[in-house]
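Student: Let me give you the structure first, and then I'll get to my questions.
Numbering (the numbering used here), first residue to last: 372 to 680.
Below you can see the structure in the form of structure tokens.
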């Protein structure tokens, strides 16, 4: 999954800097970065010479983590967060005047901003309603606590857990049934229960695929639980038989999150808006939110910062 955003050469002066944004999934190889624009590729190039410089100012010739071809194409292999940054290529070549045969040295400059990205992690926001005879805070709280424990036990083997659980009781007047009371319960299911890091260490190349599959299975199990809830209430909730599940009230919505050091930006990365792109220097992300925060001084000076230092 690679997304390119070409800045049209017409926006720059002739023989000036051309820029290309490239997004590379972590641990994969980048596409070949070509030290040439489309117009120049249609011409005969005399005595071309290519000089590639990496983000840290290193000459990339002879580096073991790159594949550099004779025609100036560069591939960065096994892309890591720390490899993000500006890759610049200088192409020098000659132009021979037709009439005088005079040789003119020409220099073209190309800049590639290469960003590591990861697929978004998925969590599920869930909501469900229960009818009750009266809003009673203590009883309602005990009921929700018991409910969450049961749900947690059904998904714990998937290394998923339930967070941000909340509830609120409302009185509702309906045309047919008069005044009724309903308990609104909300919670989040995510795949980051203790132990998830160990699972990721075993499969670093497709960790998001594994976590997303696990949380999807957890969501399906919870959905099945609520489909069977009338039976569960009868056998598990002897202390609160007056609280009943409202049929078909269960719903779930997928919520995206990014790993620490990554975030989404529809403005900065328009052509990779669904990606979790590495936080650029001066920004950081300490948790599983979807945005990179701006550092106060002192600033983070690396890509993928999880805190400012």
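Glycine included, each C-beta is placed from N, C-alpha and C at the ideal position.
Note that the structure is predicted; figures quoted are calculated from it, not measured.
#1: For residue 570 and residue 617, I'd like the C-alpha separation in whole angstroms.
#2: Distance, Cα to Cα, residue 404 vs residue 593?
#3: Helix, strand or coil for residue 537, going by three-state DSSP, please let me know.
#4: Are residue 476 and residue 463 touching if we call contact CB-CB under 9 Å?
#5: Grouping DSSP H, G and I as helix and E and B as strand, with all else coil, what is residue 637?
#6: Is residue 648 near residue 638, with beta carbons less than 9 Å apart?
#7: With a cut-off of 8 Å, do at least 3 Cβ pairs link the segment 480-500 to the segment 557-566?
#8: Going along the chain, which residues of its own chain have a beta-carbon closer than 8 Å to the beta-carbon of residue 430, five neighbours each way excluded?
#9: Which residue spans inside the segment 544-589 form an unbroken alpha helix (DSSP H) run of at least 4?
#10: Answer yes or no: do residue 493 and residue 631 have a C-beta to C-beta separation smaller than 9 Å?
#11: Near residue 585, what residues of its chain come up, given a Cβ to Cβ distance below 7 Å and the 5 sequence neighbours on each side ignored?
#12: For residue 519, name the three-state secondary structure that DSSP assigns.
#13: Let me make sure I understand the geometry here. Which of 587, 466 and 550 has the alpha-carbon closest to that of residue 417?
Tutor: In brief:
#1: Position 199 of the chain shown holds residue 570. Position 246 of the chain shown holds residue 617. Cα to Cα, the separation comes out at about 37 Å.
#2: Position 33 of the chain shown holds residue 404. Position 222 of the chain shown holds residue 593. Taking the straight line from one Cα to the other gives about 46 Å.
#3: Here residue 537 is taken as the residue at index 166 of the chain shown, counted from 1. In the three-state reduction of the DSSP assignment, residue 537 falls in the strand class, which pools E and B.
#4: In the chain shown, the residue the question calls residue 476 occupies position 105. In the chain shown, the residue the question calls residue 463 occupies position 92. In this structure, the beta-carbon distance from residue 476 to residue 463 falls below 9 Å.
#5: Indexing the chain shown from 1 puts residue 637 at position 266. If DSSP states are grouped into helix, strand and coil, residue 637 belongs with coil.
#6: If you number the chain shown from 1, residue 648 lands on position 277. If you number the chain shown from 1, residue 638 lands on position 267. Between residue 648 and residue 638, the CB-CB gap reaches or exceeds 9 Å.
#7: Touching, yes.
#8: Numbered from its first residue, the chain shown carries residue 430 at position 59. The beta carbon of residue 430 lies closer than 8 Å to those of 422, 423 and 424 in the same chain, with the five residues before and after it left out.
#9: Every alpha helix (DSSP H) stretch that sits fully inside the segment 544-589 and reaches 4 residues is listed by chain position as 567-573.
#10: The residue given as residue 493 occupies position 122 in the chain shown. The residue given as residue 631 occupies position 260 in the chain shown. Not a contact, by the Cβ cut-off of 9 Å.
#11: Position 214 of the chain shown, counting from 1, holds the residue named residue 585. Taking residue 585 as the centre and dropping the five residues before and after it, the same chain places the C-beta of 529, 530, 531 and 562 closer than 7 Å to its C-beta, in chain order.
#12: Start at 1 with the first residue of the chain shown, and residue 519 comes out as number 148. Residue state, collapsed to three classes: helix.
#13: Counted from its first residue, the chain shown places residue 417 at position 46. The option with the nearest alpha carbon to residue 417 is 466.
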